[in-house]
Amino acid sequence: MDSYRLGGKTAIVTGAAGGIGFAVAMLFVKNGCNVLAVDVDESSLRNQVESSGSNQLSYCTADVTNAEDNARMVELASERYGGIDILVANAGIEGQIRSIMDYEDEAFDRVMAVNVKGVWNGIRAVVPSMINRGGGSIVITSSVAGLRGGAMLAPYCTSKHAIIGLMRSAAKEFAGAGIRVNTVNPSPVETRMMRSLEQGMNPQDATAAKERIASTIPLQRYAEPEEVANLMLFLASDESSFITGAVYAVDGGNTA
């Protein structure tokens, strides 16, 4: 029965060329969902989708910071699959690793554009289709950085706090239309982003940086992308039909 948990549904997954995004796309397909995978990195996205061998998975190259691109991805998903039931707003960037005092304005603006406005654009694009379908589920990738501060990562933390506020507002605004909105807040995950952060934290020994970070997590390791995807599957499915406006940590006890 697990293969039908999302049977007949259609999802858009942004940031789908990355570790979490592609794990979500594949898990959703396994569970009967049609998925439009979206990313700005066309080459990686195309290679992953084509190598999947699934006729329920297709892709669209788009920049989530652009409202027109968001409208286009909804139009494509509707043309291919008939409408939108699920949005996994997962696209995000880490930005620079440096002090507030030294942070470049352009880099700050880019983090906020991708991590916050990208989610804003995605919500605005999918809601009309979800209303037409009688409801839906929006799952937003935040972070444990959205639950606390982090030295040298202020813009990233700020952006991840901001989308929790956006999620809670959207959950209240669209509940009457049957649209549920929640965030998933992972601690470090085995992805490209963490390799970048480790290198930035300790350019001479990124492995030592990883070991130090993992030591602060009670389970003493990073999450695998599939472990984050499992929670997103639950929130996307009808099993979570009375859950909206909630923050879900997938953090190995990191915020306990």
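Numbering (this note's numbering), first residue to last: 45 to 300. For glycine and all other residues, C-beta sits at the position ideal for the given N, C-alpha and C.
Just checking, does the stretch 238-245 make contact with the stretch 131-145 on the three C-beta pairs under 8 Å criterion? Yes: at least three Cβ pairs fall under 8 Å.
Beta-carbon proximity of VAL57 to VAL73, cut-off 8 Å: Not closer than 8 Å, so no.
Residues that ARG224 bridges to, as DSSP identifies them: The partner list for ARG224 (beta bridge, DSSP) reads SER181.
Put ILE315 into one of helix, strand or coil per three-state DSSP. In the structure as shown, the chain begins at 45 and stops at 300. Residue 315 is therefore absent and cannot be evaluated.
Report, in whole angstroms, the separation of the C-beta atoms of ARG49 and SER281, which I expect to be a contact under 8 Å. About 5 Å; that satisfies the 8 Å criterion.
State buried or exposed for ASP46, treating a residue as buried only when at least 16 other CB atoms are found within 10 Å of its CB. Low local confidence applies: a pLDDT of 48 at ASP46 is under 50, so the model's placement there is unreliable, and no value is given.
Is the separation between the beta-carbon of ASN246 and that of ALA290 shorter than 8 Å? No, they are not a contact pair.
Distance, ARG256 Cα to LEU120 Cα: Distance between the alpha carbons of LEU120 and ARG256 is about 44 Å.
VAL118 lies in the beta strand (DSSP E); which residues open and close that run? VAL118 -> not in any beta strand (DSSP E); alpha helix (DSSP H) instead, spanning 111-125.
Within 10 Å of its beta-carbon, does ALA252 have 16 or more other beta-carbons around it, so buried, or fewer, so exposed? When all chains shown are included, ALA252 counts as exposed.
Measuring alpha carbon to alpha carbon, tell me which residue in GLY297, VAL228, ASN75 and GLU270 is nearest LEU279. Looking only at GLY297, VAL228, ASN75 and GLU270, the smallest Cα-Cα distance to LEU279 is reached by VAL228.
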